[in-house]
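Residue numbers (full-length UniProt numbering): 1 to 955.
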């Protein structure tokens, strides 16, 4: 650093300022001063650096293992690593402070001590500043090297100006003279095993001594610094005259150009000090390795420091030549030479005792792998293993050379001929090879070549020539035909050998199901093998009902249930609730089939029937919920024009954009939501959200005037865990509904057609009458309550419809002349009022005479015994259908009776339509009721519930 100073006298002076380098090194850690007041610690391996700001002039540094000493003008600070066992840790913390001013030319830090150098004296201080020991030497101290050791017993190597090298131990007051040289010591280092000492003097001579014998081993000129390798005891590096030298053992040194001073040597890395920085130089150990090549172990240790891949290959080959298999194996592992590794491993496994012949055989394998085939054959012959030579030449397709090592054995010659034929096949002449194989009787090999080339006609010629007893060859032909998708030819082969199992497999692969069914009929043990793949094929083609039947025929009931259950779960997860309803309905029918197959009136049969009813109820819920869910998703934006609309807000996050319009009127959506509300009072199936149901019910109920019900719905919603995005809309709706009357519109109330009770919109009994407990019968299009009354017949009546038809014929023969059909007739009594249009033939003398012994009285105002039975209803805790007699049936019209023929073990159910003007349709597959006009409007021509073709009965 240059400074210019100007004076008043007009003179200008330039001063050159130089600062000495303050640094310290121990193994891979290097500490140096920066900016006069900072200390940088650098890890030479990881290149990680850490800075310690001292905020004062740093005079001297010392580093040792996990300790760092920094001398400041008035004190010395001792640092330690936070994690002592981690070699890469670079976090230091203050351990001790010595608040004394210490005068010295050099400091050395140990585990628990601080050593100060003062010309000819060394002082040992504890970390609290107390002097423990002092050594007085004969000459000035030139160099100190910490050699390590146990804590509080570390050793120091001290080089003096008179050439004496002294060893000092911290706990020993007496210095030990090691070696003396003729010139002052400049640098020194000791090997990792403490067997050798390298000393550099002021004249640049590097001398290496044996510490056990004190003898000079060798000297190297032009050295200014030296360092032993910390991984290899017999290798050192030294620098000088602008070059870096690496010396291993007694071999000549290897030189390369490099400026600086060597301060460390770790493996293949040399640490060189250039000015105020330490650089890491990677050096190759190839030259020392090749010099150690005859000493395999030393060469391997040298190679482990760092050599190229080609050097490892050379070491492995050299070790093989000297039969040092362990070193060769390690070298080939480094290069991933699996070929030689497998050779060495097989030799070790197969050879129990080593002999000259086994070694020659191994060397023959080595020479063959290296490509020296003639030398390999000679080694095989010397080891008396001619078969290896034959095999080698055969693999090389050198059949003439192989013939020279072939013995007179006919078996060996036939094998050689066979291999020659194989070569002919592989040499792009497959037809000639096929002819040779067929001529020699090797039919299987000939078939394989034919299959590889796809010669189907030639293959079928061979099939027809083979005997049916040759199953192996015929089976191979069939496999080739199957791979080529020649199923008809494969059928011919399997028929020839009589393999019905594989024949069925061919029919299945080619989807020839009718042929497979005929085969299963002839061989019943194949039924499961045929019908299970058929069921899977049907399921993959969305023919699930047929797939279920196929599973049943195969006896795989569990598989059928699992497939349908998985389909239902997938539909629920994807919000396809109409599909979920359909699959659930199929599962219900499957339970009914199992109940039919089981013994009647057993616990197993009862369980199947109960499961049928549970699954049917779940299917109904999913069917209705599908429309409610789609309606809620249809809403794209919340309505905001008025206070009433604000109550119907739905958060946009939960809304989709499936359809812009809904196909249902508000009253239909209201009926569906109300049906779902009552059906899920106890619990809801998987995927069904009560919040969505109640929200839809509240929205449509508000529009239709069901204010009392909507209030109750909002109370329910407040007790539920409602998504945050819906909370504001529900709160606003609950607030605004209180401004409405606390009543429901009478047009919405449900009328029980059995007991004429008007049921409230919120029914604690669910979807049944509060008074008589009769379940409501719904139209599964709009979920309106249908005017149907379930009844049961007396015992002894087998054919209901024929009995009703007899009455119809009787009415057709009755004379109605003179009866006026255009006059209204009014009748009043204490308990009823009646208005009749036309002539009531039921009250004539004909009826009184014809039916004078039956249930109906001549004075009955209704003229209908079924209605009279309803009027005589008595309240009961449990529901039971109306019981009708033969006479009552005869009074009914055929168009009023609906017969639901449930499959066994369920019983037949009978319903009467109290409003014949309202035509009702029953699906004969799922037995659901519909308004006839709504059922006819289905564009698909199928039932919306069970998706079967319109097989229905009109009433």
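Using N, Cα and C, we set each Cβ at its ideal position, and we do this for glycine too.
- If the five residues before and after residue 117 are omitted, its C-beta is found closer than 6 Å to the C-beta atoms of 104, 105, 106, 141, all from its own chain and listed in chain order.
- When secondary structure is reduced to three states using DSSP, residue 23 falls in the strand class.
- Counted as a single uninterrupted DSSP element, the alpha helix (DSSP H) harbouring residue 365 occupies residues 356 to 370.
- Here residue 262 really is in contact with residue 226; their C-beta atoms are around 7 Å apart, less than 8 Å.
- In the assembly as shown, residue 610 is an exposed residue. Its beta-carbon has fewer than 16 other beta-carbons within 10 Å.
- Nearest in C-alpha terms to residue 110, of all of 286, 150, 71, is 150.
- Ranking 143, 318, 327 by CA distance to the CA of residue 304 puts 327 first.
- Per DSSP, residue 70 lies in no alpha helix (DSSP H) segment; the continuous beta strand (DSSP E) that holds it begins and ends at 67 to 71.
- For residue 189, the enclosing beta strand (DSSP E) stretches over residues 185 to 190.
- For residue 45, the three-state secondary structure derived from DSSP is coil.
- For residue 272, the enclosing beta strand (DSSP E) has its first and last residue at 269 to 274.
- Between the stretch 699 to 713 and the stretch 730 to 746 there are three or more C-beta pairs closer than 8 Å, enough to call the two in contact.
- In the DSSP assignment, residue 316 falls within the unbroken alpha helix (DSSP H) covering 309 to 321.
- Residue 922 sits away from residue 910, with the two beta carbons spaced by 7 Å or more.
- Residue burial is scored here from C-beta neighbours: residue 289 has at least 16 other C-beta atoms within 10 angstroms and is therefore classed as buried.
- By the beta-carbon neighbour count (other beta carbons within 10 angstroms, threshold 16), residue 564 is buried.
- Straight through space, the alpha carbons of residue 216 and residue 292 are spaced by roughly 22 Å.
- Residue nearest to residue 247 within the set 258, 684, 520, 234 is 234 (criterion: CA-CA distance).
- With a cutoff of 7 Å on beta-carbon distance, residue 251 and residue 229 are scored as not near each other.
- Considered as a whole, the stretch 139 to 196 harbours no complete run of any alpha helix (DSSP H) with no fewer than 4 residues.
- Taking one beta carbon from each stretch, the stretch 36 to 46 and the stretch 265 to 275 have 3 or more pairs nearer than 8 Å; the two touch.
- Pairing residue 538 with residue 550 gives a Cβ-Cβ distance under 7 Å.
- Out of 467, 464, 478, the CA that lies nearest to the CA of residue 448 is found in 478.
- Taken in chain order, the whole alpha helix (DSSP H) runs of length 4 or more contained in the stretch 212 to 237 number zero.
- By alpha-carbon distance to residue 903, the top candidate from 196, 590, 687, 242 is 590.
- For the set 58, 120, 578, the Cα lying nearest the Cα of residue 20 is the one of 58.
- Taking 7 Å as the cut-off, the beta carbon of residue 588 is found no closer than this to the beta carbon of residue 608.
- Inclusion of residue 490 and residue 481 in the CB contact set at 7 Å is warranted, their separation being smaller than that value.
- Annotated as proximal: residue 776 and residue 767, with beta-carbon spacing under 7 Å.
- Straight across, the Cα-Cα distance linking residue 100 with residue 81 is about 23 Å.
- Boundaries of the alpha helix (DSSP H) harbouring residue 458: 456 to 465, taken from the DSSP string.
- For the 7 Å CB-CB criterion, residue 130 and residue 123 do not form a contact.
- Each of 941, 948, 935 was checked against the Cα of residue 925, and the nearest Cα belongs to 948.
- Within the same chain, 59, 60, 102, 107 come within 7 Å of residue 71 by CB-CB distance, once the 5 residues on both sides are set aside.
- Put simply, of 53, 88, 358 the residue whose alpha carbon is nearest the alpha carbon of residue 94 is 53.
- Looking at the backbone, the Cα of residue 754 and that of residue 522 are separated by about 58 Å.
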